[in-house]
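Trainee: full-length UniProt numbering applies: residue 1 is where the sequence shown begins, and numbers increase by one.
For each residue, glycine too, the CB sits at the ideal point set by N, CA and C.
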Amino acid sequence: AWKLWNEGRAQELLDPSLTASSVISSDQVVRWIHVGLLCVQDDETDRPTMSTVVVMLGSEASNLPPPSMPAYSSRRRRTAGEANSTSTDGS
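(1) Please go through the region 23 to 78 and give each complete alpha helix (DSSP H) segment of 4 or more residues, from N-terminal end onward.
(2) For a test of the three-state rule: what should DSSP assign to Glu12, helix, strand or coil?
(3) Tell me the DSSP secondary structure of Ser17 in three-state form.
(4) How many Å lie between Ala71 and Leu38 at the Cα?
(5) Would you grab the beta carbon distance between Leu13 and Ala1 for me? Rounded to a whole angstrom, and I think it's under 8 angstroms.
(6) Would you report the Cα separation of Thr45 and Leu4, rounded to the nearest angstrom?
(7) Going by CA-CA distance only, name the one from Val23, His34, Ser21 that's closest to Arg9.
(8) Out of curiosity, what's the CA-to-CA distance linking Pro65 and Glu7?
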């Protein structure tokens, strides 16, 4: 999702069946993706609060801040062994 977003191709994430009816627009779904990316930013202080998320999802204003790289794509995942050694070290 992050790669497509950065390439300006977020609409490729959409399932065509979601927007086939006129009930949901592709712009609306892209907005939801945008909000989702804001919620998973690497720096937790950049993430919106839940009350802000509710406002973002309920509003049609287009002034959302650009998301920064998600936490899941910039950090190396720890293995179970690394997690266990950290907890037993006391660090």
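Mentor: According to the data block:
(1) 26 to 39, 50 to 58, 71 to 74
(2) helix
(3) helix
(4) 11 angstroms
(5) 6 angstroms
(6) 24 angstroms
(7) His34
(8) 17 angstroms
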